[in-house]
Amino acid sequence: MFGFLKKKFGKNEQAESGQPSAEEIVEPQATEAVTPAVDATVVTETAVAVEQPAVETVADAVPARPVDVPVEELLPALAPSEPVPAAAPVVANPPATAEAPAKRSWTDRLKAGLARTRQQLGGGLASLFGLRKIDEDLLEELESTLLMADCGVEATQHLIDDLRLRWKRDRLETADQLQQALADGLNGIIAPLEQPLDISSHQPFIIMIAGVNGSGKTTSIGKLAKYFQAQGKSVLLAAGDTFRAAAREQLMTWGERNNVTVVAQDGGDAAAVIFDAISAARARNIDIVLADTAGRLPTQLHLMEEIAKVRRVIAKADPSGPHEVLLVLDANIGQNALAQVKAFDKAIGVTGLVVTKLDGTAKGGVLAAIARQCPKPLRFIGVGEGIDDLQPFKAREFVDALFEPGAAAVKNGAGERA
Ligand SMILES: Nc1nc2c(ncn2[C@@H]2O[C@H](COP(=O)(O)OP(=O)(O)OP(=O)(O)O)[C@@H](O)[C@H]2O)c(=O)[nH]1
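Just so we're aligned, residue 84 is where the sequence shown starts under the numbering used here, counting upward by one.
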């Protein structure tokens, strides 16, 4: 919490005019393995791209790069002898104990992560259902419970209407039956959000990551890098959060952990870093580019304009890109997520969502609100800080974790209609 505040304050005063000082391509373990010839290809390709007339139209976004500058000057960190900056923490082998909790299955972690929302929803329902008969008063109380779990007015109304219908039509009597009906109703609402990200259409597949300060962008990039690597894909990270000094190091740490190349720059222009990262990825036949961006609030209009520009520059680097614009939402913000989706969508055309920190909140119902009011494919959900704590969203799995079968009856020792 305090760390978050610290970061937030450190970043709100973002300098917009910083120029790049030193650009780096950091390859945690493979620095020696990359031959100068490969590096030269990367830079050459970058230079060629810059020569294209179209790029000149975004000169305001990308610092002008003389095309005849020697390779070493353009991207000095490409030289194999260049060491990783001292400021970059090296976590090549994180302590085994740090990863130990991640040995639990995803289902277990999801259940544990959703404990607070389950307590709000499932537990709240258990106490509602357990001791009384199903009637309109109970439905009314249920409505409040759903609203308190941040399901939002629209989704809540929909769920209650659906429940009333099932209660009468299916003659529901027991707490478990009602809970099951609610689970089915919720599943019906959020199932359309389940649209797994297909990265097979382009190579490199460029994923731009956006969101407000501290929503979990950089952490999610680290987790995604591991996730995609596990699918047999090669990944390159672009340290496009050039405003917060620690963000670059944070990304490098994730790069170290996953043995993934990170293209970074000491300060300077996010668009330029991402542009170069795309060129590097193309030269190296990388499958996926994960491009970080600085956090910003939708109310910071100049920063929203800046991120729109970053998006345009990505399109200059690859006319078909970005192939995915992921908005990272902190589940703790509840209903505010809706405003964030709308604002970022307007600025950069959001194509998918990541909802993080579902483990720290009782507001997991916000997924229902998103599904009803601003449906965007929910690609991934995060339920913890561990590297494996981010996985593709699966509606039924989510609902099952929220409503464990039998919870209502067990919790109260009585599930039958009174
Ligand atoms: N509990 C929990 N913490 C998370 C999750 N995802 C991210 N975090 C934490 O949230 C904090 C902020 O994450 P960052 O990845 O730095 O967020 P960011 O959006 O890159 O931040 P800025 O660059 O400041 O905008 C870190 O302490 C993360 O460990 C999650 O799913 N659960």
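For every residue, glycine included, the Cβ atom is placed at its ideal position computed from N, Cα and C. Nothing here was measured: the structure is a model prediction, and the numbers come from that model.
Where A377 falls: helix, strand or coil (DSSP): Along the sequence shown, one-based indexing puts residue 377 at 294. A377: coil per DSSP, three-state reduction.
For E407, which of helix, strand or coil comes out of DSSP? Here the question's residue 407 lines up with position 324 in the sequence shown. Reduced to three states, the DSSP call for E407 is strand.
Counting only the same chain and skipping the five closest in sequence on each side, list residues whose C-beta sits under 8 Å from that of A198. The residue you call residue 198 lines up with position 115 of the sequence shown. Leaving aside the five residues that flank A198 on each side, the residues in its chain whose CB is nearer than 8 Å to its CB run, in chain order, D442.
Exposed or buried, which one is R455 when buried takes at least 16 other CB atoms within 10 Å? For the purposes of this step, residue 455 is taken as residue 372 along the sequence shown, with counting starting at 1. By the neighbour-count criterion, in which 16 or more other beta carbons inside 10 Å mark a residue as buried, R455 falls on the buried side.
Let's test the definition: count the other Cβ atoms within 10 Å of the Cβ of D359 and tell me whether it reaches 16, buried, or not, exposed. To locate residue 359, count along the sequence shown from 1; it is residue 276. Per the 10 Å Cβ criterion, buried.
For ligand 1, is there any heavy atom lying closer than 8 Å to the beta carbon of T190? Along the sequence shown, one-based indexing puts residue 190 at 107. Because no heavy atom of ligand 1 lies under 8 Å away, the Cβ of T190 does not count as near it: no.
Using the C-alpha atoms, what's the distance from L193 back to I304? Position 221 of the sequence shown, counted from the first residue, corresponds to residue 304. Position 110 of the sequence shown, counted from the first residue, corresponds to residue 193. If I take the Cα positions, the gap works out to 19 Å.
For Q314, count neighbouring C-beta atoms within 10 Å of its own C-beta (all shown protein chains included) and say buried if the count is 16 or more, exposed if not. For the purposes of this step, residue 314 is taken as the residue at position 231 of the sequence shown. By the 16-neighbour rule on beta-carbons within 10 angstroms, Q314 is exposed.
Ignoring anything shorter than 4 residues or poking outside the segment 428–470, list the alpha helix (DSSP H) runs there in chain order. List check, alpha helix (DSSP H) in window: 449–456.
Buried or exposed for N27, please, with buried defined as at least 16 other CB atoms from any protein chain shown within 10 angstroms of its CB. There is simply no residue 27 to check, as the chain begins at 84 and stops at 501 in what is shown.
Ligand 1 heavy atom lying under 8 Å from the CB of L320: Here residue 320 corresponds to residue number 237 of the sequence shown, with the count starting at 1. Not so, every heavy atom of ligand 1 lies at least 8 Å from the Cβ.
What does the alpha-carbon distance come out to for the pair L246 and G268? Looking up residue 246 in the sequence shown gives position 163. Looking up residue 268 in the sequence shown gives position 185. Between L246 and G268, the C-alpha separation is close to 7 Å.
Considering only heavy atoms of ligand 1, does any lie closer than 8 Å to the CB of V411? For the purposes of this step, residue 411 is identified with residue 328 of the sequence shown, where counting begins at 1. Yes - ligand 1 has a heavy atom lying nearer than 8 Å to the Cβ of V411.
Could you tell me if S362 is buried or exposed, where buried requires 16 or more neighbouring beta carbons within 10 angstroms of its beta carbon? As a working mapping, residue 362 is identified with position 279 in the sequence shown. In summary, S362 is buried, with 16 or more beta-carbon neighbours lying within 10 Å of its beta-carbon over all protein chains present.
Any heavy atom of ligand 1 inside 8 Å of the beta-carbon of K440? Sequence index remark: in the sequence shown, residue 440 carries index 357 (1-based). It does: the Cβ of K440 is within 8 Å (strictly closer) of some heavy atom of ligand 1.
Can at least three beta-carbon pairs, one atom from the segment 329–338 and one from the segment 252–265, be found at a separation below 8 Å? Flag = no, the segment 329–338 and the segment 252–265 do not touch.
Quick check on the DSSP output: the beta strand (DSSP E) that includes G297 runs from which residue to which? Indexing the sequence shown from 1 puts residue 297 at position 214. Careful: G297 lies outside any beta strand (DSSP E) and carries neither H nor E.
Beta-carbon proximity list for N270, same chain, < 7 Å, skipping 5 on both sides: As a first step, residue 270 must be located in the sequence shown, where it is residue number 187. Result list for N270: A478, R479, V482, in chain order.
Which partner residues does P402 have in the DSSP bridge list? Taking the sequence shown and counting its residues from 1, one reaches residue 402 at position 319. Answer by DSSP bridge pairing: none, since P402 is not bridged.
With a threshold of 16 other CB atoms inside 10 Å of the CB of K50, please say whether the residue is buried or exposed. Given a span of 84 to 501 for the chain in the structure shown, any question on residue 50 remains unanswerable.
Is it a yes or a no for the segment 414–424 touching the segment 274–281, going by three-plus beta-carbon pairs under 8 Å? The answer is no - the segment 274–281 does not touch the segment 414–424, with fewer than three Cβ pairs under 8 Å.
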